[in-house]
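Numbering (the working numbering), first residue to last: -11 to 256. Here's the structure, in structure tokens; my notes come after.
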Ligand SMILES: [Zn+2]
Ligand SMILES: [Zn+2]
């Protein structure tokens, strides 16, 4: 199974427009691996994308992705969904007014309800352009494509607002949980992961976000074989500096983890 991190950035990408901090200046000047787009994952074997933030077109172009057959959404937040327009409209022919391609769009029922309120033009892409066919999914559903299955995991089981996806073939299991994992209670039920791609959390105390230390506690109780930390916020790197990465690795030598970067390829 081959996976590619298309974007490893947070809600605010790096470089952040206007910002003249050393992190953003370096990312602007040198590009990858310092530049970080909104978090998204590509499952290469089955041309499947999970999440599409506003900068998804750039993420797809940078990796020279030639086609997407399906898109899965974890939750409604703009940094995970507002790229629907460039992604879907790339399949619309503005001369013939017909879709060149219709992709399968999987959204958890409750997430779709909210997304439709926040991004009402989704109806236009689904019903007029027909660039996507909607599949409403729920916690526990399994989407099977060739030899890969993707299980829908609600952070709190059924009726969750945020979802992770458990991607597995006959012998490997990878879980993608890129955002807002502070309330990811269901994680306790998922054992023996070969890979967990999780949001990295905040390096200091935060009311509404998981802290890096609490995430590490969770990892000690239920350890994946490999852990990749994504959704890295510009403001965190600006505050704590780039050497926070090596500092955290020194603080937790017994956990096998790495920080993601855009374009990171993982083979399982
Ligand atoms: Zn900055
Ligand atoms: Zn996010």
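For every residue, glycine included, the Cβ atom is placed at its ideal position computed from N, Cα and C.
Rounded separation between residue i and residue j - CA only
i: residue 26; j: residue 107; result: 18 Å
i: residue 241; j: residue 78; result: 44 Å
i: residue 138; j: residue 204; result: 25 Å
i: residue 166; j: residue 135; result: 24 Å
i: residue 42; j: residue 48; result: 12 Å
i: residue 145; j: residue 160; result: 22 Å
i: residue 119; j: residue 231; result: 43 Å
i: residue 127; j: residue 186; result: 18 Å
i: residue 194; j: residue 29; result: 26 Å
i: residue 164; j: residue 5; result: 28 Å
i: residue 218; j: residue 86; result: 37 Å
i: residue 253; j: residue 97; result: 31 Å
i: residue 249; j: residue 200; result: 17 Å
i: residue 213; j: residue 148; result: 26 Å
i: residue 117; j: residue 168; result: 32 Å
i: residue 59; j: residue 65; result: 15 Å
i: residue 247; j: residue 162; result: 16 Å
i: residue 189; j: residue 84; result: 46 Å
i: residue 21; j: residue 2; result: 10 Å
i: residue 13; j: residue 234; result: 21 Å
i: residue 222; j: residue 141; result: 28 Å
i: residue -11; j: residue 62; result: 21 Å
i: residue 125; j: residue 75; result: 21 Å
i: residue 183; j: residue 210; result: 12 Å
i: residue 228; j: residue 7; result: 16 Å
i: residue -9; j: residue 105; result: 32 Å
i: residue -2; j: residue 177; result: 27 Å
i: residue 52; j: residue 175; result: 33 Å
i: residue 156; j: residue 206; result: 22 Å
i: residue 72; j: residue 180; result: 33 Å
i: residue 244; j: residue 256; result: 15 Å
i: residue 54; j: residue 45; result: 12 Å
i: residue 56; j: residue 91; result: 7 Å
i: residue 31; j: residue 151; result: 17 Å
i: residue 16; j: residue 39; result: 24 Å
i: residue 153; j: residue 102; result: 19 Å
i: residue 226; j: residue 196; result: 20 Å
Residue i - partner residues in DSSP beta bridges
i: residue 142; result: 151
i: residue -5; result: 28
i: residue 96; result: 125
i: residue 87; result: 80
i: residue 162; result: 155 and 183
i: residue 255; result: -10
i: residue 110; result: In DSSP, residue 110 forms no bridge with anything.
i: residue 130; result: 139
i: residue 15; result: The partner list for residue 15 (beta bridge, DSSP) is empty, contrary to what the question assumes.
i: residue 169; result: Bridge partners of residue 169: none, in fact.
i: residue 2; result: 24
Environment of residue i [buried if 16+ CB atoms lie within 10 Å]
i: residue 192; result: exposed
i: residue 95; result: buried
i: residue 100; result: buried
i: residue 198; result: buried
i: residue 82; result: exposed
i: residue 18; result: exposed
i: residue 36; result: buried
i: residue 10; result: exposed
i: residue 216; result: buried
i: residue -4; result: buried
i: residue 109; result: exposed
i: residue 130; result: exposed
i: residue 143; result: buried
Which residues count as close to ligand 1 when the rule is a CB under 6 Å from any of its heavy atoms, in chain order?
4, 7, 9, 11, 12, 222 and 226
If you scan the region 177 to 253 from start to end, which runs of the beta strand (DSSP E) of 3 or more residues do you find wholly inside it?
183 to 187, 214 to 218 and 245 to 247
Mind pulling the beta strand (DSSP E) runs of 3 or more residues that sit fully within the region 22 to 81?
28 to 31, 36 to 38 and 58 to 60
Quiz: which residues have CB nearer than 7 Å to ligand 3 non-hydrogen atoms:
Of the ligands this structure carries, namely ligand 1 and ligand 2, none is ligand 3.
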